[in-house]
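These notes concern the structure reproduced below.
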Amino acid sequence: MKTILLPLEDNPVLPSILQTTLLAARLFGSYMEGLHVRPGLTGVVAAGAEGLVAATPGLIESFEREDQARAQRVRMAFDEFMRQNNVPRSPGIAPQPGPTSGWYEETAQGESTIGNRGRVFDLIAVGRPMRGGSSSAMSTLEAALFESGRPLLIAPPTAPQKLGGRICVAWNGSTETARTMAFAMPFLTRSKDVQVLLIEGGGVPGPSPQDVANYLLRNGVPAAAKVAKAMKRSVGEAVLAEAAEWGADLLIKGAYTQSRLRQMIFGGTTSHILAEAAVPVFMAH
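Just so you know, our numbering puts 1268 at position 146 of the sequence shown, and the rest follows in order with no gaps.
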């Protein structure tokens, strides 16, 4: 986890994304790169009396000024946070003894930059989408999750004070969760306590939680297994409740064992955790 990409926007979760990423960077001595993508304006249209028409030069200039101001606010917040936490700008590509930072900005349409650039980072840090918030947060998360081939560290709305000391693995037997655990081994091997949690009725055919705990123990991870009843809760509700009761400061979860469309329509564990988690979530698909 020596390189972490932070796709950043001007939104309320920004302070938590920065703090969550810094906690991870301190564990691994990581380079943190802030990324801000400004939308391309070639396809901008405006609603007129006769329907959708091409935007006027004045309207395009107004959009550009707003984008520039937004980009400046995000850059200033990133730089000030790094300054306050004594994180230097990276002098080059050679590994450094502690966290370093850098900045990358690009103008592009869509979210392709996030997936493309994320492929050369170990980890991508994003904010948890907020209920009633901008849809761009979910677009950013999904672009990182499905287009980068990399794991995500999802920051909760409130900045955490610690990360990775007590890790809960939300086990469901799936290949998605097995893959996510493999990505998360740098965190798991540094953890003091790991719980492999299965909610009854919330799994697919696969290894038992004890099998997973044994695998982790063989890799030097202090792991134990637990099976819990849903108790009239959804699986997602039960996972978050059990993790909180145990005192987890990081939740590892494979994303979308069920299809994304099915979860959008009917709900699912991933959807619930993305909407409600109060602790950082390490996720991959």
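Positions of the beta carbon are idealized from the N, C-alpha and C atoms, including for glycine. Quick caveat, the model's predicted, so the values are computed rather than measured.
Could you have a look at Q1283 and say whether DSSP puts it in helix, strand or coil?
As a first step, residue 1283 must be located in the sequence shown, where it is residue number 161. Coil at Q1283, not helix or strand.
Residue range of the alpha helix (DSSP H) that L1310 falls in?
Reading the sequence shown from its first residue, position 188 is the one you call residue 1310. Note, L1310: alpha helix (DSSP H), 1307-1310.
Measuring straight from C-alpha to C-alpha, what distance separates W1225 and E1264?
For the purposes of this step, residue 1225 is identified with residue 103 of the sequence shown, where counting begins at 1. For the purposes of this step, residue 1264 is identified with residue 142 of the sequence shown, where counting begins at 1. Going from the Cα of W1225 to the Cα of E1264 covers about 22 Å.
Compute the Euclidean distance between the alpha carbons of P1161 and V1343, then round it to the nearest angstrom.
Position 39 of the sequence shown, counted from the first residue, corresponds to residue 1161. Position 221 of the sequence shown, counted from the first residue, corresponds to residue 1343. Spanning the two alpha carbons is a distance of roughly 43 Å.
Taking 7 Å as the cut-off, is the CB of G1156 close to at least one heavy atom of the ligand MN?
With respect to the ligand MN, the structure shown offers nothing to examine, as it has no ligands at all.
Among A1147, N1238, S1234, T1235, which one has its Cα closest to the Cα of N1208?
Position 86 of the sequence shown, counted from the start, is the residue given in the question as residue 1208. Considering only alpha carbons, the answer is A1147.
Rounded straight-line distance, which links the Cα of A1191 to that of I1246
Within the sequence shown, residue 1246 is the residue found at index 124, counting from 1. Within the sequence shown, residue 1191 is the residue found at index 69, counting from 1. Rounded to the nearest angstrom, the two C-alpha atoms are 25 Å apart.
Could you spell out where the beta strand (DSSP E) holding E1228 opens and where it closes?
Locating residue 1228 in the sequence shown gives position 106, counting from the first residue. Looking at the DSSP string, the run of the beta strand (DSSP E) that includes E1228 is 1222-1230.
Using only alpha-carbon positions, find the residue among K1351, A1365, R1288, V1326 that is nearest to A1345.
For the purposes of this step, residue 1345 is taken as the residue at position 223 of the sequence shown. When only C-alpha atoms are compared, the closest one is R1288.
If you scan the stretch 1316-1377 from start to end, which runs of the alpha helix (DSSP H) of 4 or more residues do you find wholly inside it?
1331-1340, 1357-1368
How big is the Cα-Cα spacing for Q1218 and V1401?
By one-based count along the sequence shown, residue 1218 stands at place 96. By one-based count along the sequence shown, residue 1401 stands at place 279. C-alpha separation (whole angstroms): 28 Å.
Applying the 10 Å Cβ sphere with the 16-neighbour rule, what's the burial state of L1339?
Taking the first residue of the sequence shown as 1, we reach residue 1339 at position 217. That one is exposed.
Limits of the beta strand (DSSP E) - the one that P1219 falls within:
Locating residue 1219 in the sequence shown gives position 97, counting from the first residue. Careful: P1219 lies outside any beta strand (DSSP E) and carries neither H nor E.
Where do the ends of the alpha helix (DSSP H) carrying G1237 lie?
Indexing the sequence shown from 1 puts residue 1237 at position 115. Element bounds for G1237: 1234-1240.
On a CA-only basis, which of L1267, D1371, G1324 is nearest G1358? Give me that one, please.
Stepping through the sequence shown from its first residue, residue 1358 is reached at position 236. Considering only alpha carbons, the answer is G1324.
Can you list, in chain order, the residues of its chain whose CB lies under 6 Å from that of G1240, leaving out five sequence neighbours each side?
Looking up residue 1240 in the sequence shown gives position 118. Here the set comprises L1127, I1246, A1266, S1270, R1272.
Looking only at its chain, what residues have a beta carbon closer than 7 Å to the beta carbon of P1221, apart from the 5 residues adjacent to it on each side?
For the purposes of this step, residue 1221 is taken as the residue at position 99 of the sequence shown. L1144, A1147, R1148, G1151, S1152, M1154, V1209, listed in sequence order.
Cβ atoms of F1404 and F1309: under 8 Å apart, would you say?
As a working note, residue 1309 is residue 187 in the sequence shown. As a working note, residue 1404 is residue 282 in the sequence shown. Cβ distance < 8 Å, so F1309 and F1404 count as in contact.
By Cβ distance below 6 Å, which residues in the same chain neighbour L1320 in space, the five residues on each side in sequence not counted?
The count along the sequence shown starts at 1 and reaches residue 1320 at position 198. Around L1320: W1293, P1331, V1349.
Measuring only the C-alpha atoms, how far is R1187 from G1249?
Translated into the one-based positions of the sequence shown, residue 1187 becomes position 65. Translated into the one-based positions of the sequence shown, residue 1249 becomes position 127. In a straight line, the C-alpha of R1187 is about 25 Å away from that of G1249.
Determine which residues share a DSSP beta bridge with I1126 and list them.
Counting from one through the sequence shown, the residue named residue 1126 turns up at place 4. I1126 pairs with M1154, L1245.
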